[in-house]
Amino acid sequence: AGRGGCHTIRGAQIKELLQSKRNVLFDCDGVIWNGETAVTGAPEVVRLLKQQGKRVFFVTNNCTRPRENYVQKFSRLGFTDVAEEDIFSSAYCSAAYLRDVARVQGKVFVIGCYGVQKELLNAGVTMVEEDDDGPDVSIYDCPLDPDVKAVLVGYDEKFNFLKLAKACCYLRNSECLFLATDPDPWHPLRGGRVTPGSGSLTAALETASNRKATVIGKPGRFMFECIAGQFNLDPEQSLMVGDRLETDVLFGTNCGLSTMLTLTGVSTLKEAEEYKGSDSPEKKDSVPDYVVESITDFLEALEE
Ligand code: PLP
Ligand code: CA
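Each residue of the sequence shown is one higher than the last, beginning at 1398 in my numbering.
And the structure:
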């Protein structure tokens, strides 16, 4: 099947595809689990892939947990052989970017949750102290730290007007770097509910500051560069499996990987097929090479 063929494959065809690859990159939510429930057979799929000599990596735009907590989640959901080094989250990669690429000499103002703060701490990146401003502090007199050289925005359940206002003030300085963990607009929760994603908070700050953030997460290429840099991956030997066309599949295409959509998450086959006929180059690049119902379908291909 050619590039962006949107080719639904099963058993023997999956087997053939996997035989041609050395590395498998999985998105997490919607691919290997949904919230706190593992996708049926996913732990076994990961175990068998590793047993057959594949290198397996996890690439998630979810910035809410540090790597060490992901290891616990993997283990809780029955994935017994996943190591911290195999997990690349938008929080971990944002910290790596600040430390290794931007080499920020100063502090970072963070709009984000524990996962982002902990990864920055682990990477030795200095943040502005989380201050509890109290109810009386206003945008007119809230303290600003003159050492701030970067603003990083990601999913933050305690997002508020004052944080937005402060970030906006820091970004008035054109030398202050503007980063976002990931562009995700929203995420499905249980019971048909959704939660706004990092992208929606980034959009607020982009509007207020009249600037565009550098996005670290998928579909940007930096996460692949992080993995490739540490494990020496050849894109042509790598398969990206995801459930969201405009992040996971576009990420795969942007990085020169083979791409697969699995239908256990956000995007549908109908959307993928509509994108195929689109005039937009970005939508065209979001059409997967392959489609499976679920990664459970890998089992048939992996069991002898
Ligand atoms: N960000 C947040 C806050 C989420 O809750 C989720 C999914 O639950 C994601 C990002 C997307 O994660 P992934 O890239 O693993 O699908
Ligand atoms: Ca996903």
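Just so it is clear, CB atoms sit at the ideal spot from N, CA and C, and this is done for glycine as well.
Output needed for Phe1619: all residues of its chain with C-beta closer than 7 angstroms, excluding positions within five of it in sequence on either side, in chain order. The count along the sequence shown starts at 1 and reaches residue 1619 at position 222. Excluding residues within five positions, the ones whose Cβ falls inside 7 angstroms are Cys1490, Tyr1494 and Ile1613.
Sort Leu1422, Ser1691, Leu1568 and Gly1662 by Cα distance to Gly1373 and report the nearest one. In this structure the chain extends from 1398 to 1701, so residue 1373 is not present and cannot be described.
With distances taken Cα to Cα, identify the nearest neighbour of Thr1437 among Gly1475, Lys1412 and Pro1582. The residue labelled residue 1437 in the question sits at position 40 within the sequence shown. If we check each option's Cα against that of Thr1437, Gly1475 comes out closest.
Buried or exposed by the 16-neighbour rule on C-beta atoms within 10 Å, applied to Pro1540: Locating residue 1540 in the sequence shown gives position 143, where the first residue counts as 1. Exposed, because fewer than 16 other Cβ atoms sit within 10 Å of the Cβ of Pro1540.
Rounded to a whole number of angstroms, what is the C-alpha to C-alpha distance between Phe1556 and Gln1449? By one-based count along the sequence shown, residue 1556 stands at place 159. By one-based count along the sequence shown, residue 1449 stands at place 52. Distance between the alpha carbons of Phe1556 and Gln1449 is about 44 angstroms.
Coarse secondary structure for Ala1499, derived from DSSP in three states: To locate residue 1499, count along the sequence shown from 1; it is residue 102. Ala1499: coil per DSSP, three-state reduction.
Spatial neighbours of Asn1591 within its chain, please: CB distance less than 8 angstroms, with the 5 preceding and 5 following residues excluded, ordered by chain position. As a working note, residue 1591 is residue 194 in the sequence shown. The residue asked about is misnamed: residue 1591 is Val in this sequence, not Asn. So the list reads Trp1583, His1584 and Pro1585, once near-sequence residues are dropped.
Taking 7 angstroms as the cut-off, is the C-beta of Asp1424 nearer than that to any heavy atom in ligand 2? Walking along the sequence shown from the start, residue 1424 turns up at place 27. It does: the Cβ of Asp1424 is within 7 angstroms (strictly closer) of some heavy atom of ligand 2.
Distance, Cα to Cα, Leu1445 vs Glu1697? Taking the first residue of the sequence shown as position 1, residue 1445 is located at position 48. Taking the first residue of the sequence shown as position 1, residue 1697 is located at position 300. Computed Cα separation, rounded: 11 angstroms.
Cβ neighbours of Asp1579 in the same chain (closer than 6 angstroms, five flanking residues each side left out): Taking the first residue of the sequence shown as 1, we reach residue 1579 at position 182. So the list reads Asn1458, Ser1487, Ser1595 and Gly1614, once near-sequence residues are dropped.
So Val1688 and Leu1658 are in contact, right, with Cβ under 8 angstroms, and what is the actual spacing, rounded? Numbered from its first residue, the sequence shown carries residue 1688 at position 291. Numbered from its first residue, the sequence shown carries residue 1658 at position 261. That pair is a contact at about 5 angstroms.
Per DSSP, Asp1426 forms a beta bridge with which residues? On the sequence shown, residue 1426 is found 29 positions in, with the first residue counted as 1. Beta-bridge pairing links Asp1426 to Trp1430.
Endpoints, alpha helix (DSSP H) assigned at Tyr1567: The residue given as residue 1567 occupies position 170 in the sequence shown. First-last of the alpha helix (DSSP H) with Tyr1567: Phe1558 to Tyr1567.
Ala1427 to Phe1648, Cα distance in whole Å? Along the sequence shown, read from residue 1 onward, the residue named residue 1427 stands at position 30. Along the sequence shown, read from residue 1 onward, the residue named residue 1648 stands at position 251. Here residue 1427 turns out to be Gly, not Ala, going by the sequence shown. Roughly 16 angstroms between the two C-alpha positions.
Buried or exposed: which applies to Glu1701, given that a residue is buried once 16 or more other Cβ atoms fall within 10 Å of its Cβ? Walking along the sequence shown from the start, residue 1701 turns up at place 304. With fewer than 16 Cβ atoms within 10 Å of its Cβ, Glu1701 is classed as exposed.
Check Asn1651 in the structure and name its three-state DSSP category. Position 254 of the sequence shown, counted from the start, is the residue given in the question as residue 1651. Three-state DSSP puts Asn1651 in a helix.
Can you tell me whether Ala1398 is buried or exposed? The criterion is at least 16 other CB atoms within 10 Å of its CB, across all chains shown. Here residue 1398 refers to the residue found at position 1 of the sequence shown. Only weak support exists for where Ala1398 lies, its pLDDT of 45 falling under 50; the coordinates are left without a value.
Give me the Cβ distance between Gly1503 and Asp1544, rounded to the nearest whole Å; I'm assuming they're in contact under 8 angstroms. Sequence index remark: in the sequence shown, residue 1503 carries index 106 (1-based). Sequence index remark: in the sequence shown, residue 1544 carries index 147 (1-based). Indeed they touch by this definition, with Cβ atoms about 5 angstroms apart.
To the nearest angstrom, report how far apart Asn1570 and Pro1616 are at their CA atoms. Taking the sequence shown and counting its residues from 1, the one referred to as residue 1570 is at position 173. Taking the sequence shown and counting its residues from 1, the one referred to as residue 1616 is at position 219. Roughly 27 angstroms between the two C-alpha positions.
Does the distance from the C-beta atom of Ala1564 to that of Leu1602 stay below 8 angstroms? Taking the sequence shown and counting its residues from 1, the one referred to as residue 1564 is at position 167. Taking the sequence shown and counting its residues from 1, the one referred to as residue 1602 is at position 205. Contact: yes.
Take Cys1403 and list the residues in its own chain whose beta-carbon comes closer than 7 angstroms to its own, dropping the five residues that flank it on each side. Residue numbering aside, residue 1403 sits at position 6 when the sequence shown is read from its first letter. Result list for Cys1403: Ala1669, Glu1670, Lys1673, Val1684, Pro1685 and Val1688, in chain order.
Would you report the Cα separation of Leu1666 and Leu1660, rounded to the nearest angstrom? Counted from its first residue, the sequence shown places residue 1666 at position 269. Counted from its first residue, the sequence shown places residue 1660 at position 263. Approximately 7 angstroms between the Cα atoms of the pair.
Euclidean distance between Cα positions of Gln1514 and Glu1465: In the sequence shown, the residue the question calls residue 1514 occupies position 117. In the sequence shown, the residue the question calls residue 1465 occupies position 68. When rounded, the distance between both Cα atoms is 13 angstroms.
So, for Ile1484: in the same chain, excluding its five sequence neighbours on each side, which residues have a beta-carbon less than 6 angstroms away from its beta-carbon? One-based indexing of the sequence shown puts residue 1484 at position 87. Phe1455, Arg1464 and Tyr1467.
Just tell me which of Asp1581, Ile1406 and Val1548 has its CA closest to the CA of Leu1561. For the purposes of this step, residue 1561 is taken as residue 164 along the sequence shown, with counting starting at 1. It is Val1548.
Say yes only if the C-beta of Phe1614 is nearer than 7 angstroms to one or more non-hydrogen atoms of ligand 2, and no if none qualify. By 1-based counting over the sequence shown, the position of residue 1614 is 217. Residue 1614 is actually Gly in this sequence, not Phe. No.
Using the beta-carbon count (16 or more within 10 Å), is Ile1536 buried or exposed? By 1-based counting over the sequence shown, the position of residue 1536 is 139. Ile1536 comes out exposed.
Beta carbon of Gly1551: closer than 7 angstroms to some heavy atom of ligand 2? Start at 1 with the first residue of the sequence shown, and residue 1551 comes out as number 154. No, ligand 2 has no heavy atom inside 7 angstroms of this Cβ.
Starting from Ser1472, follow the alpha helix (DSSP H) in both directions and report where the run begins and ends. Within the sequence shown, residue 1472 is the residue found at index 75, counting from 1. Arg1464 to Arg1473 is the span of the alpha helix (DSSP H), which, as asked, contains Ser1472.
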